[in-house]
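Line order of the protein sequences matches chains A and B. Letter by letter, the first sequence follows residues 5 to 281 of the working numbering. Letter by letter, the second sequence follows residues 2 to 282 of the working numbering. Cβ coordinates follow ideal geometry from the N, Cα and C atoms, glycine included. Notes follow the structure.
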Amino acid sequence: MTDRVVRLLSGLMAICAAAVLLLIMAEMARAAWPALTRVPVSEWLLSAHWSPSGGDFGLASMLAASLLTSAGALLIAGPAGVVLGAWMHLAAPGWLRGGLRTLQGLMAGIPSVVYGLWGLITLVPLVNTVAPPGAVMLTAILVLALMILPLSVLVTDAALSQIPDQALQSARALALSRWGSFRSVLWPRARAAIVSGIVLQFGRALGETMAVLMVAGNVIRWPDSLTAPVRTITANIALEMGYASGLHLEVLYLSGLLLLVAVALMMGLIQRGAGNL
Amino acid sequence: MRGMRDPIFMAAGICLVLLMVLPLGTMLLDLLQLGLPHLGLDFLLEAPRDAGRAGGVAPLLVSTGWILLVCMAAAVPVGLGCAVFLSEWLSPGSAASRWIGLSLDILSGVPSIVFGLFGYQVFAITLGMGFSILSGGLALACMVLPLLVRTSQQALAAVDVRYRDAGRALALTKTGMLGRVVLPSAAPGLAAAVVLATGRALGETAVLLFTAGYVMRMPDAVTDSGRALSVHIYDLAANVTGGLERASATALLLLALILLTTLGLHYSARVWQKRMLALGG
Numbered sequence: 005m006t007d008r009v010v011r012l013l014s015g016l017m018a019i020c021a022a023a024v025l026l027l028i029m030a031e032m033a034r035a036a037w038p039a040l041t042r043v044p045v046s047e048w049l050l051s052a053h054w055s056p057s058g059g060d061f062g063l064a065s066m067l068a069a070s071l072l073t074s075a076g077a078l079l080i081a082g083p084a085g086v087v088l089g090a091w092m093h094l095a096a097p098g099w100l101r102g103g104l105r106t107l108q109g110l111m112a113g114i115p116s117v118v119y120g121l122w123g124l125i126t127l128v129p130l131v132n133t134v135a136p137p138g139a140v141m142l143t144a145i146l147v148l149a150l151m152i153l154p155l156s157v158l159v160t161d162a163a164l165s166q167i168p169d170q171a172l173q174s175a176r177a178l179a180l181s182r183w184g185s186f187r188s189v190l191w192p193r194a195r196a197a198i199v200s201g202i203v204l205q206f207g208r209a210l211g212e213t214m215a216v217l218m219v220a221g222n223v224i225r226w227p228d229s230l231t232a233p234v235r236t237i238t239a240n241i242a243l244e245m246g247y248a249s250g251l252h253l254e255v256l257y258l259s260g261l262l263l264l265v266a267v268a269l270m271m272g273l274i275q276r277g278a279g280n281l
Numbered sequence: 002m003r004g005m006r007d008p009i010f011m012a013a014g015i016c017l018v019l020l021m022v023l024p025l026g027t028m029l030l031d032l033l034q035l036g037l038p039h040l041g042l043d044f045l046l047e048a049p050r051d052a053g054r055a056g057g058v059a060p061l062l063v064s065t066g067w068i069l070l071v072c073m074a075a076a077v078p079v080g081l082g083c084a085v086f087l088s089e090w091l092s093p094g095s096a097a098s099r100w101i102g103l104s105l106d107i108l109s110g111v112p113s114i115v116f117g118l119f120g121y122q123v124f125a126i127t128l129g130m131g132f133s134i135l136s137g138g139l140a141l142a143c144m145v146l147p148l149l150v151r152t153s154q155q156a157l158a159a160v161d162v163r164y165r166d167a168g169r170a171l172a173l174t175k176t177g178m179l180g181r182v183v184l185p186s187a188a189p190g191l192a193a194a195v196v197l198a199t200g201r202a203l204g205e206t207a208v209l210l211f212t213a214g215y216v217m218r219m220p221d222a223v224t225d226s227g228r229a230l231s232v233h234i235y236d237l238a239a240n241v242t243g244g245l246e247r248a249s250a251t252a253l254l255l256l257a258l259i260l261l262t263t264l265g266l267h268y269s270a271r272v273w274q275k276r277m278l279a280l281g282g
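Set out below in structure tokens:
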């Protein structure tokens, strides 16, 4: 009898937890629907002209800015994270390994608004000496890269730890160098897990708001130069939600819906790749 | 050729470590340099003045505490219940388990600004809570839910199989097993899950911008708008000229709080482990 009650209650909670995502999707779609019906796809997806007061709702330049800053950050932090993770696993002295793991855990816990503050205080003046005004796309890429670096190291470290010691011992028996054993023995086995972990970091970079908002300059323009300010989709939402209303607000919801769909697709692909779907 | 790679590998590793540690070091130094002179007891006990350029953060500490409390009050029962259902009643490979898992995984990847949009739409507008601690806490609860479920699941899975076997040998019902065996021995892990989620919620900003709002006054009730510490950092840094010093001081305070939760987590886990070992020995 009590078994059934507990089962029912916990099952109810599980349904609640699963329903949160559905509710978010439904509510975002509902709030964005008027924008979808009243603003043609060719305008919001392809036009770069954003002037809500004038009735122009082109998201293209901000979408491009979001994608390019995230891709740039991943281009730096992805390979660096894999090499650093492999180094930690295979070549780092033991005392350093433990210290680095703790440090990366702590770095992953630093709030994004603090990374943004650091970018504003330290990185913007630094970039300013090379590329005024300092709050430019490059700055945003560097801050994002620093944010996702510890996570890509942790992902690599975890994936390599999953591989049985036997594999590494065989590599040693073949007298492979450390890099050689990573390249030819460990990497092929861990690649799938590492790549999907890094795709996750792309999703994180794409959705990051505060850090980018504080250092990217927030000027709406095509991201055609690393040394010019840009505004990402997320920064645009944070900047304009405060006063938007009507169609303007609905287009902001549409841009949030795009982020949501992108993340859901990425996660679905990863799960499918892992054979869970 | 093979022999040549290793020195390069070593050098690359050391360079990358430096590249990672250097920014972190400058972050700490810069924040300390700007913020530490303002970080005294006054800072904790006074209300902010002049848009935050002077005074302290007392009302914001209270707002942050209330937001966390609302968040956890909503997220813990749902998260724990879901974890118990997933690990005690569903078999791991079943369709229901996979679909719930997938929805939680997607939820964990949803950008925080989307939780902000959703929270504004549902809690502030549709449910009529407006800009309030309640709206902010509930939106935050949706965000930390997947983390809470996954870490609680790990805690439940880590329960010693022998305990479960012993419970079965005594013909305990599922509920008896849960109440007398599984939950007590998973308690430190479950507490860790809650602390981890609290730490995550503590630093979150984008969710709170349009749900809990910007009001700096001391909140009288959870239906008041209240500015969290993280939102204060953003506002001071981005919208208040001359606000960087207090922003740094607030950031140091926030980092200290997060560090304290992390350390408390490690310490309590260790104490608990000792006690369990003593019992087992």
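Less than 8 Å separates the beta-carbon of B/Val-115 from that of A/Met-32.
When A/Ala-248, A/Gly-211 and A/Leu-100 are compared, the shortest CA-CA separation from A/Ile-237 is found for A/Gly-211. Proximity of chain A to B/Leu-69 at the Cβ level (cut-off 8 Å) is not reached, the minimal Cβ distance being about 14 Å. Annotation: Cβ neighbours of B/Gln-122 in chain A (cutoff 7 Å, chain order): Glu-31 and Ala-35.
In the three-state reduction of the DSSP assignment, A/Val-140 falls in the coil class, being assigned neither a helical nor a strand state. Nearest to A/Gly-89 by alpha-carbon distance, out of A/Ser-57, A/Arg-42 and A/Pro-154, is A/Pro-154. Between the beta-carbon of A/Leu-104 and that of B/Val-18 there is about 7 Å, and that keeps the pair under the 8 Å contact cut. Around the CB of B/Gly-214, 16 or more other CB atoms lie within 10 Å, so the residue is classed as buried.
Shown here, A/Ala-179 sits in coil according to DSSP, grouped into three states, outside any helix or strand. Assignment of B/Val-111 by DSSP, reduced to helix, strand and coil, places it in the coil class. Scanning the stretch 10–57 of chain A from its first residue to its last, the whole alpha helix (DSSP H) runs of 4-plus residues come out as 45–50. With a 10 Å radius around the Cβ and a threshold of 16 neighbouring Cβ atoms, B/Asn-240 comes out exposed. Per DSSP, the beta bridge partners of A/Gly-221 are A/Val-234. For A/Thr-236, not one C-beta of chain B is nearer than 8 Å to its own C-beta. In the DSSP assignment, A/Leu-100 falls within the unbroken alpha helix (DSSP H) covering 98–113. In this chain, the alpha helix (DSSP H) harbouring B/Arg-201 covers 184–204. Apart from sequence neighbours up to five positions away, the residues of its chain that approach B/Thr-199 with a beta-carbon distance below 7 Å are Leu-69, Met-73 and Thr-262, ordered along the chain.
The residue from A/Val-24, A/Leu-217 and A/Met-218 with its alpha-carbon nearest to that of B/Ile-101 is A/Val-24.
Taking B/Leu-46 as the centre and dropping the five residues before and after it, the same chain places the C-beta of Gly-57 and Ala-59 closer than 8 Å to its C-beta, in chain order.
The three-state secondary structure of A/Phe-61, taken from DSSP, is strand. Inclusion of B/Val-77 and B/Leu-135 in the CB contact set at 8 Å is not warranted, their separation being larger than that value. Taking C-alpha positions only, A/Gly-207 is separated from B/Arg-99 by approximately 21 Å. Of the candidates A/His-252, A/Thr-143, A/Ser-57 and A/Gln-173, A/His-252 places its Cα closest to the Cα of A/Arg-42. In terms of beta-carbon proximity, A/Arg-11 lines the interface with chain B, with at least one pair separated by less than 8 Å. Here DSSP, grouped into helix, strand and coil, assigns A/Pro-227 to coil. Contacts with chain B (Cβ-Cβ distance below 9 Å) from the stretch 92–109 of chain A involve Met-92, Leu-94, Ala-95, Ala-96, Leu-100, Leu-104, Leu-107, Gln-108 and Gly-109, listed in chain order.
The contact set of A/Ala-248 on chain B, defined by CB atoms closer than 9 Å, is empty, because the minimum CB distance reaches about 10 Å. In terms of beta-carbon proximity, A/Ile-114 lines the interface with chain B, with at least one pair separated by less than 8 Å. In the DSSP assignment, B/Arg-169 falls within the alpha helix (DSSP H) that extends over 162–170.
Pairing A/Gly-120 with A/Met-214 gives a Cβ-Cβ distance under 8 Å. The alpha-carbon of A/Gly-85 is positioned some 7 Å away from that of A/Thr-160. Taking C-alpha positions only, A/Ala-22 is separated from B/Leu-105 by approximately 7 Å.
Under the Cβ criterion of 8 Å, B/Tyr-235 is counted among the residues facing chain A.
Counting only unbroken stretches of 3 or more residues, no beta strand (DSSP E) element lies wholly within the stretch 76–110 of chain B. Any Cβ of chain A closer than 8 Å to the Cβ of B/Lys-175 would place that residue at the interface, and such an atom is present. Within a 10 Å sphere around the beta-carbon of B/Tyr-268 sit fewer than 16 other beta-carbons, which makes this residue exposed.
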